[in-house]
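Chemist:
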Amino acid sequence: IRPGADTSITNYEGNVLNNDAFEDPTGIAFSNDGTKVFAVNRKHDGAQECLRTFNLASPYDLNTAGLVQNDGDPLINLAGQTSTSDMRCEDINFNDDGTKMFISNQSGEIFQFNMSSPFELTGLTYEASSETSYGAGYTNFAFNNNGTKIFTVKSSNNANSVQEYSLSTAYNVTSKTL
Numbered sequence: 667i668r669p670g671a672d673t674s675i676t677n678y679e680g681n682v683l684n685n686d687a688f689e690d691p692t693g694i695a696f697s698n699d700g701t702k703v704f705a706v707n708r709k710h711d712g713a714q715e716c717l718r719t720f721n722l723a724s725p726y727d728l729n730t731a732g733l734v735q736n737d738g739d740p741l742i743n744l745a746g747q748t749s750t751s752d753m754r755c756e757d758i759n760f761n762d763d764g765t766k767m768f769i770s771n772q773s774g775e776i777f778q779f780n781m782s783s784p785f786e787l788t789g790l791t792y793e794a795s796s797e798t799s800y801g802a803g804y805t806n807f808a809f810n811n812n813g814t815k816i817f818t819v820k821s822s823n824n825a826n827s828v829q830e831y832s833l834s835t836a837y838n839v840t841s842k843t844l
């Protein structure tokens, strides 16, 4: 994904986007058809937002990415996170139909956002009752195909590990059993 010029569009939070670059990308996810890519960015400094979306001219081909389609910082603006590690985005995943987006932060918390249309940030809302911690350092995560399991990864200070949780309700990150 290449740096670019002023995109002159407004994101779902009402801010004018000023570039399409990342400073410190940490996670990536695709729409089911591969024509949209979502990337989270650990750096947030006014010019960089937590989340950026790009359209792809060819499915799953990052070389065909256009300018930023949308961006925003749902961890700060929707979830109300304020401490430095809590507002830094680490990883991103979606449920199977793209109506739920999950973002983790540096503290190992996972936040759920509901989407009014699959894989569209416009109308994004925060599901406050879904916020849950998987433990400090467990910042990367993945679901199995039907959302009944979540795997979290800790990779810091030679304390690397993977945890597997069963979810009693698919894609409900609060219904976890180690």
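If you're matching positions, the sequence shown starts at 667 in this note's numbering and goes up one per residue. C-beta: ideal position from N, C-alpha, C; glycine also. If you're wondering where the values come from, they're calculated on a predicted model, not measured in any experiment.
Identify, in the order they occur along the chain, each residue of the same chain with its Cβ nearer than 7 Å to the Cβ of Asn-780, setting aside the five sequence neighbours on each side.
Modeler: In the same chain as Asn-780, and ignoring 5 residues on each side of it, the C-beta atoms closer than 7 Å to its own belong to Thr-765, Lys-766, Thr-791, Glu-793, in chain order.
Chemist: Does the contact criterion of 3 or more C-beta pairs under 8 Å hold for the region 721–732 versus the region 740–756?
Modeler: no
Chemist: One question on the structure: do Ser-799 and Glu-775 come within less than 7 Å of each other, judged by their Cβ atoms?
Modeler: yes
Chemist: Sorted by chain position, which residues of the same chain lie with C-beta nearer than 6 Å to Ile-694's C-beta, five sequence neighbours on each side aside?
Modeler: Ala-705
Chemist: So, are the CB atoms of Asp-690 and Glu-715 less than 7 Å apart?
Modeler: no
Chemist: Measuring only the C-alpha atoms, how far is Asp-762 from Asn-707?
Modeler: 23 Å
Chemist: Taking 8 Å as the limit between beta carbons, can you name the residues of its chain near Ser-832, skipping five residues before and five after?
Modeler: Thr-814, Lys-815, Lys-842, Thr-843
Chemist: Output the distance between the C-alpha atoms of Phe-760 and Thr-719, rounded to the nearest integer angstrom.
Modeler: C-alpha separation (whole angstroms): 14 Å.
Chemist: Could you please give the first and the last residue of the uninterrupted alpha helix (DSSP H) stretch that includes Asn-743?
Modeler: 740–743
Chemist: With a 10 Å radius around its C-beta and 16 neighbouring C-beta atoms as the bar for buried, classify Gly-670 as buried or exposed.
Modeler: Because the pLDDT of Gly-670 is 45, which lies under 50, any placement of that residue in the model is unreliable, and the number read from its coordinates should be weighed accordingly. With a threshold of 16 other beta carbon atoms within 10 Å, Gly-670 falls short and is exposed.
Chemist: Taking DSSP's pairing of strands, which residues face Asn-771 in a bridge?
Modeler: Cys-755
Chemist: Could you tell me which uninterrupted alpha helix (DSSP H) segments, each at least 4 residues in length, are contained entirely in the region 762–839, listed from first to last along the chain?
Modeler: none
Chemist: Go ahead and label Asp-699 buried or exposed: buried means 16 or more other beta carbons lie within 10 angstroms of its beta carbon, across all protein chains shown.
Modeler: exposed
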